[in-house]
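Single-structure report; data block below.
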Amino acid sequence: EDDLGLLELSEEGEEGIRYLPALPVIAIVGRPNVGKSALVNRILGRREAVVEDTPGVTRDRVSYKGEWLDRRFTLVDTGGWEPDAKGIDASVAAQAEVAIDLSDVVLFVVDATVGATATDEHVVRLLRKTKKPVFLVANKVDDARQEPEAAALWNLGLGEPYPVSALHGRGVADLLDEVFKVLPQVSAVAKEEFGGPRRVAILGRPNVGKSSLLNKAAREERVVVNELAGTTRDPVDEQIELGGKIWRFVDTAGIRRRVHLQQGADFYASLRTQAALEKAEVAVVLLDVSQPISEQDVRIIDLVLESGRALVLAYNKWDLLDDDRRRYLEREIEQDLHHVQWAPRVNISAKTGRHLEKLVPALETALESWDTRIPTGKFNAFLTELVQAHPHPLRGGKQPRILFGTQASTRPPTFVLFTTGFLDPGYRRFIQRRLREIYGFQGTPIVLNMRVRE
Ligand code: GDP
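Residues 45 to 498 (the UniProt record's numbering) are what the sequence shown spells out, left to right.
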């Protein structure tokens, strides 16, 4: 139980990015204004997910790391985005669908003081199709007199309603007790088909060429049908042979399906990315070289880092590159993607098929790094040598010492250092740089944790 035990230590990954291991995922879904954010705050025990009274507020943040009585989990909050009435059913349903897809347990929140609305019924139809546990949360039951209103929600056909007051905390502990009875220790979504073909997520902002790449890889052009949001289909993965090996491209249905949302499209895209990452071992992030590297590109890459998956960068539409643009591109990469210099890079054209075969060695390298384990003896020899050549700078006449180190887990490589005193962030980055110099780790994030012994 190495991996689990050491979650306790897991604080910061490379460059201070918080790393989310394969924690079980709880998703909160429901229409606007039922109190999803309040419930998120209550469960997290902090005010991270801001409660907004104004509808239409967009946040990028999709998931939070939570802890409840020694159990750690990822909480996915679809309340980060609240649509207005126009097209609401399709939008809520589309988001609910993705949330269901990426979670281990779903909390469906209904406003008990209002009762079930048509939009609620719409979501219920989606929820009935999933085999995942669904908890019907009857919110805004602030005192016992309102409990009959919660009981009325039995008629939704989702089983027993759990009356809670997210705002005051009433009933939430009882709800969570039941949730944690069925929530797995490790995300079942992430564990899916462990040992089968390696699982690849193709990520990138709209129009970077994700479906073109898939089509080219599958060597057949497929018609991409415009589908209405909210039509539930099982999330389809595709097995594609590349370089003589079968790969599982996860959530390709999500790529092929065009969801035309009037609003909330960005939030929906973040959810999709998160969902694909939950299932994948390695992500190929596509960048469109004919366009400047955008904040959205960087955000997607950061989601990969947070998820702790292996990473390959594919610079697509290389056929459109001229000398002028090329100079800018290299400068943008240096500026915006400096923190992922370690990711294998392939310059491709999904349209012409240029260098697509180079994806395979890049994927293999990244996965190999992701799986790498350095024996404890070797790692300590590395540390000893490093400290001798470059001791930690003195701090107030004292010097934090590294007593011992070990690699706690792979996927991604996660190291724990037992120290006297905290190591400076600069020194930790230095250790990570040296680890990469000596061992490569091309294509994988590295996590370095410390356990301080005073
Ligand atoms: P997705 O939204 O990421 O799935 O992007 P698509 O695969 O639908 O591609 C968006 C547009 O870019 C389409 O018009 C594609 O034909 C075009 N496209 C994709 N890859 C390339 C490429 O390598 N070169 C050029 N010139 N166009 C491309």
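Just so it is clear, CB atoms sit at the ideal spot from N, CA and C, and this is done for glycine as well.
All values reported here derive from a predicted model rather than from experimental measurement.
A straight-line Cα-Cα distance of about 8 Å links Val223 and Val149.
Out of Leu247, Val73, Glu282 and Arg439, the CA that lies nearest to the CA of Asp332 is found in Leu247. At a threshold of 7 Å, Gly253 counts as near ligand 1, since its beta carbon sits closer than that to one of the ligand's heavy atoms. Collapsing the DSSP output to three states places Asp367 in a helix.
The distance from the Cβ of Leu467 to that of His436 is about 6 Å, consistent with a contact at the 8 Å cut-off. Relative to ligand 1, Ala309 has its C-beta separated by 7 Å or more from all heavy atoms. The closest CA to that of Pro388, considering only Arg398, Leu403, Lys395 and Glu376, is found on Leu403.
As DSSP reads the structure, Lys109 sits in a beta bridge with Thr118. DSSP places Leu286 in the strand class (E or B) of the three-state scheme. Of the candidates Tyr359, Val244 and Gly352, the residue whose Cα lies closest to the Cα of Ile337 is Tyr359. Boundaries of the alpha helix (DSSP H) around Phe224: Val216 to Val226. As a beta-bridge residue in DSSP terms, Asp155 pairs with Asn183.
In the three-state scheme derived from DSSP, where H, G and I count as helix and E and B as strand, Gln443 is classed as coil.
For Asn424, the enclosing alpha helix (DSSP H) starts and ends at Thr420 to Ala433. Sequence-distant partners of Arg398 (beyond 5 residues in either direction) whose C-beta falls short of 7 Å from its own C-beta, in its chain, are Trp362, Asp363 and Ile392. By the Cβ test, the stretch 372 to 388 is not in contact with the stretch 82 to 89, since fewer than three Cβ pairs between them sit closer than 8 Å. Within the same chain, and ignoring the five residues on either side of Glu481 in sequence, no residue has its Cβ closer than 7 Å to its Cβ.
If you check the CB distance, Phe152 and Val120 do not come in under 8 Å. Counting along the chain, Pro388 sits inside no alpha helix (DSSP H), nor does DSSP assign it H or E at all.
Looking only at Glu401, Thr420, Trp386 and Gln432, the smallest Cα-Cα distance to Gln476 is reached by Trp386. Asn360 has its Cβ nearer than 7 Å to a heavy atom of ligand 1.
Nearest to Ala327 by C-alpha distance, out of Leu347, Gly308, His212 and Tyr312, is Leu347.
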